[in-house]
Amino acid sequence: MGWGPDRWRFYRLVGRAAGRSLRRAAVRATSRPSGLTRLRPTGLVIAPQDLRTSDATIAADIYAGLFVFAGRALATGGRSPFDFAPPSPEWGEQLYGFGWLRHLRAAESALSRSNARAFVQDFMAGRGDRDLAERPAVVARRLISLLSQSPLVLEGADHAFYQAFLRQIGRCTHALDRALRRGILPGDRLLAAVALAYAGLCCEGFDPVLRRGTRLLHRELTRQILPDGGHRSRDPGFAKDLLLDLLPLRQSFLSRDIAPPEALLNAVDRMLPLLRLLRHGDASLGHHNGMGATAADQLATLLVYDGALARPLMHAPHSGYSRLEGGGGTLVVADVGPAPPPAFSARAGAGCLSFELSCGPQRLVVNCGMPATGEELRELARTTAAHSTACLADSSSCRFLGMKQAGLIHPLAAWLKARMGSIVVRGPGEVTVERGTDAAGVDVLAARHDGYAPVLGLLHERRWRLHPDGALLEGHDGFVRATGAHEAKGRREPVEAAIRFHLHPSVRASREGRGVRLAGAGAPWLFEADEIDPVIEESVFFAALNGARRTEQIVLHLTVGDGTRVAWRFRRLAG
């Protein structure tokens, strides 16, 4: 498949990336070293709190030489983990980020402190994959982790180790400063700003670092956090992890008797209600735009800061998410937003107008979610077919750079992908949303997107009606011909479509008449569609805590054209 209507978008992205590369080269060639490169911390004054849950049983695995990160395991047989090639890039990022030191801290023993020092010493000695370890996001995570776990690493250490540890803090700070001056992707910029602010607060002699970090933090939070509390990537996982860093950072400012930046306070206040919008009754976040498995303990920790009785946001127009609630704990979380900007879209999915349905702690309809590791699986998880929405012509509503499933072959694609990732080249740009209550007192959400218009010439519409008692969710999918700027010239023929409803692995599907009965831990549900017999097909749930799991999906196969309408419903049964 050629580039077609996406050709000029692609060339514009290549041109912008080439311009950024030339500017970075000019900075390297002409700029003087930053004043931060001459700074060295003279001591540590505070250690920020780590809100991520620690587990002493994981410390026992580490003692035994077993390192499990990002769904991959490595048994070292008593050797240092830095002597081995990482089983996956994601595994390596977690190893070199040193967040796992918190588990050793949970063990509260002299052995754990000794092990922690030994691991840090191995890394400081230059062992490991330095290219992977020096990625800006990894450096930022390592800097935050070393500062947070400094009581563990430094207790009982001699003066020589303490000085080497301070030099490592300085090297991380200088590496981030260089990366920021040369230009990095926005998400990495924000994490680097957080890490520099931490370093400036925790270290003696780092006042210039604090000033630079605070300025960057204010700028990036203002640019990247949307008015309704979402991040511009629309990735719930990025927002969750960012909050786990921002809350202790806010407290660190107060501990130093320094006023936190206004942008930091505003961002925290806006982001917490959005997480509640995306939270289901089983304490997990919806699987949208890069979200994988949810660490429920982390989410519970965050929401304590929002107040136990706080109400979730019901509609986030800037972030593109909406929530419907009914009786009995029934709720719907829908993706009704456009594709994020290219620089923020390396994990975004083609899931516009997808939704997830849950009833209390029972998850029913889900998206497949993002796997912890594996490039090909991640590419598959981002396609429209991996979401509970309509998929037209076996294609996605987004076009991704360099994705095998999209068939994109271009001599410049690999170059651009290496710099920006598998970004969205083209996706839904105009998404209209309406919310309200109809004459019967039923909450209604309706939306339309143009993701298929440039190629197939069709707009997809979806409407949800959740009854007040939560026992009936009525859905309606429609397809209309695009006109004007959205019209695909010459495309008038009908298109094969599949409307998919992926089921959670805990749900068992079976035929009941012309419908599908769904049985799980709670009350059974019945799915029905007008004029179309649903089909039960195999699916996969990537976002389980213990890795990918087989599951099933309900699929409505049909041919669509201008004016095609499909009605369907989920009904909760007695018992």
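Note that the sequence shown ends on residue 574 in numbering that gives the first Met the number 0; no numbers are left out. Just so you know, even glycine gets a beta-carbon here, dropped at the ideal spot from N, CA and C.
Rounded to whole angstroms, how far is the Cβ of residue i from the Cβ of residue j, which I believe are closer than 8 Å?
{"i": "V565", "j": "L555", "result": "6 Å"}
{"i": "A198", "j": "L142", "result": "6 Å"}
{"i": "R568", "j": "E527", "result": "6 Å"}
{"i": "V332", "j": "H386", "result": "With 8 Å as the limit, V332 and H386 do not qualify as a contact, their Cβ atoms being about 12 Å apart."}
{"i": "L271", "j": "V193", "result": "Not a contact, Cβ separation roughly 17 Å."}
{"i": "A542", "j": "H173", "result": "Contact flag wrong, Cβ pair sits at about 37 Å."}
{"i": "V559", "j": "L391", "result": "7 Å"}
{"i": "V494", "j": "L544", "result": "That belief does not hold up - the Cβ atoms of V494 and L544 are roughly 37 Å apart, past 8 Å."}
{"i": "G212", "j": "G291", "result": "That belief does not hold up - the Cβ atoms of G212 and G291 are roughly 29 Å apart, past 8 Å."}
{"i": "H501", "j": "V303", "result": "Contact doesn't hold; Cβ gap of about 31 Å is too wide."}
{"i": "C171", "j": "V138", "result": "5 Å"}
Quick one: what's got a C-beta closer than 6 Å to residue i's C-beta in the same chain, skipping five residues either side?
{"i": "V534", "result": "V554"}
{"i": "R462", "result": "A445, H475"}
{"i": "R491", "result": "none"}
{"i": "E460", "result": "R447, G477"}
{"i": "R548", "result": "P504, F540"}
{"i": "D305", "result": "L271"}
{"i": "T41", "result": "E203, G204"}
{"i": "E432", "result": "Contrary to the premise, residue 432 reads as Val rather than Glu in this sequence. Once the five neighbours on either side are set aside, the close Cβ partners of V432 are V335, A446."}
{"i": "G435", "result": "V443"}
{"i": "G328", "result": "G280, C358, G359"}
{"i": "R275", "result": "P311"}
{"i": "T550", "result": "L502, P504, S538, F540"}
{"i": "L165", "result": "P40"}
Go through its chain and collect everything with a Cβ distance to residue i's Cβ below 7 Å, but skip five positions before and after it.
{"i": "L200", "result": "I45, L209, S251, F252, R255"}
{"i": "G562", "result": "V479"}
{"i": "E163", "result": "One point to set straight first is that residue 163 is Ala, not Glu, in the sequence displayed. So the list reads M123, once near-sequence residues are dropped."}
{"i": "D449", "result": "P427, G428, E429, L458, A481, H485"}
{"i": "A74", "result": "G64, L65"}
{"i": "G91", "result": "P85, D128, L131"}
{"i": "L572", "result": "A522, P523, W524, L525"}
{"i": "A58", "result": "H102, L103, A105, A106, S111"}
{"i": "L407", "result": "Only weak support exists for where L407 lies, its pLDDT of 46 falling under 50; the coordinates are left without a value."}
{"i": "D54", "result": "H102, A105"}
Which residue or residues does DSSP assign as beta-bridge partners of residue i?
{"i": "E460", "result": "R447, G477"}
{"i": "A528", "result": "W567"}
{"i": "C358", "result": "T329, Q361"}
{"i": "V67", "result": "A72"}
{"i": "E495", "result": "T558"}
{"i": "R507", "result": "A518"}
{"i": "F540", "result": "R548"}
{"i": "G512", "result": "DSSP, once it has assigned bridges, lists no residue as partnering G512."}
{"i": "F500", "result": "I553"}
{"i": "E203", "result": "G42"}
{"i": "R278", "result": "L284"}
{"i": "V208", "result": "Bridge partners of V208: none, in fact."}
{"i": "I224", "result": "H230"}
{"i": "A389", "result": "I498"}
{"i": "I535", "result": "I553"}
Indicate whether residue i and residue j have their beta-carbon atoms separated by less than 8 Å.
{"i": "P360", "j": "A347", "result": "no"}
{"i": "S318", "j": "L273", "result": "yes"}
{"i": "R71", "j": "S87", "result": "yes"}
{"i": "C351", "j": "D334", "result": "yes"}
{"i": "Y161", "j": "L131", "result": "no"}
{"i": "A191", "j": "L175", "result": "yes"}
{"i": "L145", "j": "F68", "result": "no"}
{"i": "R322", "j": "P311", "result": "yes"}
{"i": "R425", "j": "R398", "result": "yes"}
{"i": "D296", "j": "T52", "result": "yes"}
{"i": "A496", "j": "A413", "result": "no"}
{"i": "L243", "j": "A266", "result": "no"}
{"i": "S396", "j": "A349", "result": "yes"}
{"i": "G326", "j": "P467", "result": "yes"}
{"i": "G240", "j": "R269", "result": "Per the sequence shown, residue 240 should be read as Asp rather than Gly. The answer is no: Cβ separation not under 8 Å."}
{"i": "R233", "j": "A384", "result": "no"}
Using 8 Å as the limit for Cβ to Cβ distance, is residue i near chain B?
{"i": "M290", "result": "Considering every chain present, this structure includes no chain B. It has just one protein chain."}
With hydrogens ignored, establish whether the beta-carbon of residue i is closer than 7 Å to any heavy atom of the ligand PLP.
{"i": "R447", "result": "For the ligand PLP, the structure offers nothing, since it holds no ligand at all."}
Can you name, in chain order, every residue of its own chain whose Cβ lies under 8 Å from the Cβ of residue i, other than the five neighbours on each side?
{"i": "P47", "result": "I143, L146, S147, Y197, L200, C201, P247, L248, Q250, S251"}
{"i": "E219", "result": "P185, R188, L189, A192"}
{"i": "P150", "result": "A46, R104"}
{"i": "W99", "result": "I57, I61, F66, F68, Q93"}
Whole beta strand (DSSP E) elements within the segment 286-343, 3-residue minimum: 320-324, 329-334
4 or more residues per run - each alpha helix (DSSP H) lying fully within the segment 229-264: 235-254
Every unbroken beta strand (DSSP E) inside the segment 392-437 [3 residues or more]: 423-425, 430-436
Any alpha helix (DSSP H) of 4 or more consecutive residues that is wholly inside the segment 66-152: 88-96, 100-106, 109-123, 129-132, 135-147
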